[in-house]
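In our numbering, the protein residues as written are 141 to 296.
Here the structure comes first, spelled out in structure tokens, and everything after it is commentary.
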């Protein structure tokens, strides 16, 4: 893998051309990357919670909440691209400040004044949560697994 800076002299202009010289698509989803050119088709080089670390991640659309691999479909800072986010280091139930800190398949939710990682779910399906939980809506169809309130408990 290599990158080059090609400098071409044309009178009287000096043109600088930056070109990726590595082989396109040489990385797998989850691998570290510098540009999306290194990533497989249908994936992009996306920032992670780790400072200055990008990884190849599969793209997803706005209608997708949970990707086929169970990861959460998150929008980037610009909102233009969405990826199946590979996850951060914080497990479900741990405190968080941002969604990219939570493990794959989890989102950062504000509950009772504290932010905590919770399992993500799709409100259209209503599945993926434990028996004592309900898929609570964030922004349709995005949801998270919340504890059932006593009035939501199924009749025995």
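We put the CB at the ideal spot given by N, CA and C, even for glycine.
Being a predicted model, the structure only gives us computed values, none of them experimental.
Continuous beta strand (DSSP E) assignments of at least 3 residues falling wholly in the stretch 219-293: 222-225, 246-251, 254-262, 273-279 and 282-287
Where the beta strand (DSSP E) containing residue 183 begins and where it ends: The residue you call residue 183 lines up with position 43 of the chain shown. Note, residue 183: beta strand (DSSP E), 183-187.
Environment of residue 200 [buried if 16+ CB atoms lie within 10 Å]: As a first step, residue 200 must be located in the chain shown, where it is residue number 60. Counting Cβ neighbours within 10 Å, residue 200 comes out buried, since at least 16 surround it.
Inter-stretch contact at 8 Å, needing at least 3 Cβ pairs: the stretch 283-292 / the stretch 220-227: no
Proximity below 7 Å, CB of residue 248 to CB of residue 236: Residue 248 sits at position 108 when you count from the first residue of the chain shown. Residue 236 sits at position 96 when you count from the first residue of the chain shown. It is a contact, given that the beta carbons lie within the stated cut-off.
Coil, strand or helix - residue 162 by DSSP: Numbered from 1 along the chain shown, position 22 holds the residue referred to as residue 162. Since pLDDT at residue 162 reaches only 48, below the 50 mark, its modelled position is unreliable, and the value read off the structure follows with that caveat. It is coil, neither helix nor strand.
Buried versus exposed call for residue 272 [16 or more other C-beta atoms within 10 Å across all chains shown]: Working through the chain shown from its first residue, we reach residue 272 at position 132. It is exposed - the Cβ of residue 272 has fewer than 16 other Cβ atoms within 10 Å.
Distance, residue 290 Cα to residue 194 Cα: As a first step, residue 194 is located in the chain shown; it is residue number 54 there, counting from the start. As a first step, residue 290 is located in the chain shown; it is residue number 150 there, counting from the start. Rounded to whole angstroms, residue 194 to residue 290 spans 43 Å at the Cα level.
CB of residue 230 within 7 Å of CB of residue 241, strictly: Translated into positions along the chain shown, residue 230 becomes position 90. Translated into positions along the chain shown, residue 241 becomes position 101. Yes, the pair counts as a contact, with Cβ atoms nearer than the cut-off.
Nearest-angstrom Cα separation, counted from residue 184 out to residue 177: Translated into positions along the chain shown, residue 177 becomes position 37. Translated into positions along the chain shown, residue 184 becomes position 44. Approximately 8 Å between the Cα atoms of the pair.
For residue 187 and residue 213, the rounded distance between their alpha carbons: Along the chain shown, read from residue 1 onward, the residue named residue 213 stands at position 73. Along the chain shown, read from residue 1 onward, the residue named residue 187 stands at position 47. Each residue's Cα considered, the two are about 14 Å apart.
Residue 174 in three-state terms, based on DSSP: For the purposes of this step, residue 174 is identified with residue 34 of the chain shown, where counting begins at 1. The answer is coil: DSSP assigns residue 174 none of H, G, I, E or B.
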